[in-house]
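These protein sequence lines map, in sequence, to chains E and X. End of the first sequence = 154 in the UniProt record's numbering, gap-free, step of one. End of the second sequence = 154 in the UniProt record's numbering, gap-free, step of one. For every residue, glycine included, the Cβ atom is placed at its ideal position computed from N, Cα and C. Model, not experiment: these values are computed from the prediction.
Protein chains: 2
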Amino acid sequence: MANQNSSEDIDYGILDTLVGYKLRRAQVNLFNHFSEHCSRFGITPGLFGVLSIVERNPGLTQTAIANALGNDRSAMVSVVDRLEAMNVVERKPSTSDRRSHALFLTKHGEAFYAELVEEVLKHEANFTSLLNEGEKALIIDILDRFAAHAPSKA
Amino acid sequence: MANQNSSEDIDYGILDTLVGYKLRRAQVNLFNHFSEHCSRFGITPGLFGVLSIVERNPGLTQTAIANALGNDRSAMVSVVDRLEAMNVVERKPSTSDRRSHALFLTKHGEAFYAELVEEVLKHEANFTSLLNEGEKALIIDILDRFAAHAPSKA
DNA sequence: TATTGTTATACTCTATAACTATA
DNA sequence: TATAGTTATAGAGTATAACAATA
């Protein structure tokens, strides 16, 4: 057992300089911690995103929410099904367009979401405690640039 | 059509302040661009990670590589199968342990990887051009902190 | 003609458990 | 007993295509 090639021995080469690789490693860790932290709510980061949009924008259609989050509307069906089964969100028939459903938090959903947000903020604080003054605003600004960038093909 | 609820009308609420949400949106965009950019190589970010480790650490076992990348060893099987089918990586029997395979780039794999790295660096430059002086080093440092953080349960 | 929610489908990624051959 | 590679499997996430109802 002279050499078990533990992680410390590894040369990561170019990976150590690539923002994409570092982003992925960081995101996986945050995602896992979020899920552990919010497991008692049965809420994943994806579900939390939908809840947050619904809470601040009551009455939006499923398609509008999918667009806001950068997802396909087909993926919204099972998500909203799950949130309805948890009695936190409800579909109401749109008054203006009978094709679409307007989404709202239920009464229970509002209390549920308020409690959930507290937990999410604890999770967030757990990671932002790693940041020095000004670094949180800066990294969010940088990540916004990365998310909005429509790169040239060249 | 007075209000189609286009993305500009959306109130993202707490999502706009959460590092986890911003990380995800940024990473999805980088991932998509990487895949488009490297599609002619048939290489995904995950495959590129394995190739990079093999290139810099020839002779490692599959399990050692999986650990280095934070993946499960069972996921390595199809990855290495694919890279072998592309004739860029080869499994060689380990001289010291007949249970394990040592991984190496093939001759073709070395040229392939060199060309691939050029493309990846173009992709990287496309995004890091959004950064000001010093921001790249800072964001990589911050992402390293996020990836290494083992949060308390409390 | 176009759009909404939906279904069916498929593909990737990821993880777990169990098997075999070795150690 | 423990570990390496493997297989089978299952879950989540994501995307496309097509359909019925409606616009």
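Judging by CA-CA distance, which residue of L15/E, D11/E and P58/E is the nearest neighbour of D9/X?
Stepping through the second sequence from its first residue, residue 9/X is reached at position 9. Among L15/E, D11/E and P58/E, the Cα nearest to that of D9/X belongs to P58/E.
Using 9 Å as the limit for Cβ to Cβ distance, is L121/E near chain X?
Taking the first residue of the first sequence as 1, we reach residue 121/E at position 121. Cβ-Cβ to chain X under 9 Å: yes for L121/E.
With DSSP collapsed to three states, give me the class of L105/X.
Walking along the second sequence from the start, residue 105/X turns up at place 105. Strand at L105/X.
List in chain order: all unbroken beta strand (DSSP E) runs of 3+ residues lying wholly within the segment 73 to 149 of chain E.
Whole beta strand (DSSP E) segments, 3+ residues: 89 to 93 and 101 to 105.
Among residues of its own chain, excluding the 5 on either side of L83/X, which ones have a beta-carbon nearer than 6 Å to its beta-carbon?
Position 83 of the second sequence, counting from 1, holds the residue named residue 83/X. Closer than 6 Å at Cβ, skipping near neighbours: V89.
How many Å lie between L130/X and A147/E at the Cα?
Position 130 of the second sequence, counted from the start, is the residue given in the question as residue 130/X. Position 147 of the first sequence, counted from the start, is the residue given in the question as residue 147/E. About 11 Å.
Can you have a look at S74/X and say buried or exposed, based on whether 16 or more other CB atoms are within 10 angstroms of its CB?
Within the second sequence, numbered from 1, the residue matching residue 74/X stands at position 74. Exposed, by the Cβ-count rule.
Here's the rule I'm using: 16 or more other beta-carbon atoms within 10 Å means buried, otherwise exposed. How should N29/X be labelled?
By one-based count along the second sequence, residue 29/X stands at place 29. Burial call: buried.
How would you call H108/E, buried or exposed, if buried means at least 16 neighbouring beta carbons within 10 angstroms?
As a first step, residue 108/E is located in the first sequence; it is residue number 108 there, counting from the start. When all chains shown are included, H108/E counts as exposed.
Taking S52/E as part of the alpha helix (DSSP H), name the residues at either end of that continuous run.
Taking the first residue of the first sequence as position 1, residue 52/E is located at position 52. Looking at the DSSP string, the run of the alpha helix (DSSP H) that includes S52/E is P45 to R56.
How many angstroms separate the CA atom of R98/E from the CA atom of K92/E?
By 1-based counting over the first sequence, the position of residue 98/E is 98. By 1-based counting over the first sequence, the position of residue 92/E is 92. Each residue's alpha carbon lies about 10 Å from the other.
Less than 9 Å between the beta carbons of L103/E and V80/E, yes or no?
Locating residue 103/E in the first sequence gives position 103, where the first residue counts as 1. Locating residue 80/E in the first sequence gives position 80, where the first residue counts as 1. Yes; because the gap between Cβ atoms is below 9 Å, this pair is in contact.
Which residues of chain E have a Cβ atom closer than 8 Å to the Cβ of L15/X, listed in chain order?
Position 15 of the second sequence holds residue 15/X. By Cβ distance, chain E contributes G49, S52 and I53.
Near F127/X, what residues of its chain come up, given a Cβ to Cβ distance below 7 Å and the 5 sequence neighbours on each side ignored?
The residue you call residue 127/X lines up with position 127 of the second sequence. Around F127/X: L30.
Is the segment 130 to 141 of chain X touching the segment 34 to 42 of chain E in the sense that three or more CB pairs, one from each, lie closer than 8 Å?
Too few Cβ pairs lie closer than 8 Å, so no.
Please confirm whether D11/X has its beta-carbon closer than 9 Å to some beta-carbon of chain E.
One-based indexing of the second sequence puts residue 11/X at position 11. Answer yes: the Cβ-Cβ gap between D11/X and chain E drops below 9 Å somewhere.
Could you check the C-alpha separation between K136/X and I43/E for me, to the nearest Å?
Here residue 136/X corresponds to residue number 136 of the second sequence, with the count starting at 1. Here residue 43/E corresponds to residue number 43 of the first sequence, with the count starting at 1. Rounded to the nearest angstrom, the two C-alpha atoms are 33 Å apart.
Tell me the rounded alpha-carbon separation between L23/E and T17/E.
Here residue 23/E refers to the residue found at position 23 when the first sequence is read from its first residue. Here residue 17/E refers to the residue found at position 17 when the first sequence is read from its first residue. One C-alpha to the other measures close to 11 Å.
Would E124/E be called buried (16 or more neighbouring beta carbons within 10 Å of its own) or exposed?
On the first sequence, position 124 is the one that residue 124/E refers to. That one is buried.
Given that D97/E touches chain X, what residues does it touch there, using C-beta distances under 9 Å?
One-based indexing of the first sequence puts residue 97/E at position 97. Neighbours of D97/E on chain X: none; closest Cβ ~10 Å, over 9 Å.
Does any C-beta atom of chain X lie closer than 9 Å to the C-beta of A148/E?
Sequence index remark: in the first sequence, residue 148/E carries index 148 (1-based). So yes, A148/E belongs to the interface.
Should Q62/X be flagged as near chain E, meaning a C-beta pair shorter than 9 Å?
Here the question's residue 62/X lines up with position 62 in the second sequence. Judged by the 9 Å Cβ criterion, Q62/X is not in contact with chain E.
I need the straight-line Cα distance from A154/X to S100/X, nearest angstrom please.
Taking the second sequence and counting its residues from 1, the one referred to as residue 154/X is at position 154. Taking the second sequence and counting its residues from 1, the one referred to as residue 100/X is at position 100. Unreliable positioning characterises A154/X in this predicted model, as indicated by a pLDDT of 45, which lies under 50. A coordinate reading is not provided.
To the nearest angstrom, how far is the alpha carbon of I14/E from that of L51/X?
Here residue 14/E corresponds to residue number 14 of the first sequence, with the count starting at 1. Here residue 51/X corresponds to residue number 51 of the second sequence, with the count starting at 1. Approximately 11 Å between the Cα atoms of the pair.
Could you give the residue range of the alpha helix (DSSP H) that holds Y12/X?
Here residue 12/X refers to the residue found at position 12 of the second sequence. Neither: Y12/X is in no alpha helix (DSSP H) and is coded neither H nor E.
From this set, R145/E, N132/E and V120/E, which residue's C-alpha is nearest N132/X's C-alpha?
In the second sequence, residue 132/X corresponds to position 132, counting from 1. Among R145/E, N132/E and V120/E, the Cα nearest to that of N132/X belongs to R145/E.
For chain X, find out if any of its Cβ atoms is closer than 9 Å to the Cβ of G20/E; answer yes or no.
Stepping through the first sequence from its first residue, residue 20/E is reached at position 20. Yes, G20/E lies at the interface with chain X (some Cβ there is under 9 Å from its Cβ).
Using a Cβ cut-off of 9 Å (strictly closer), state whether S6/E contacts chain X.
Along the first sequence, one-based indexing puts residue 6/E at 6. Low local confidence applies: a pLDDT of 49 at S6/E is under 50, so the model's placement there is unreliable, with the coordinate-based value given in what follows. Yes, contact with chain X.
With distance defined between alpha-carbon atoms, name the residue in R56/X, S94/X and L47/X nearest to Y21/E.
What you label residue 21/E is simply residue 21 of the first sequence in a count that begins at 1. Among R56/X, S94/X and L47/X, the Cα nearest to that of Y21/E belongs to L47/X.
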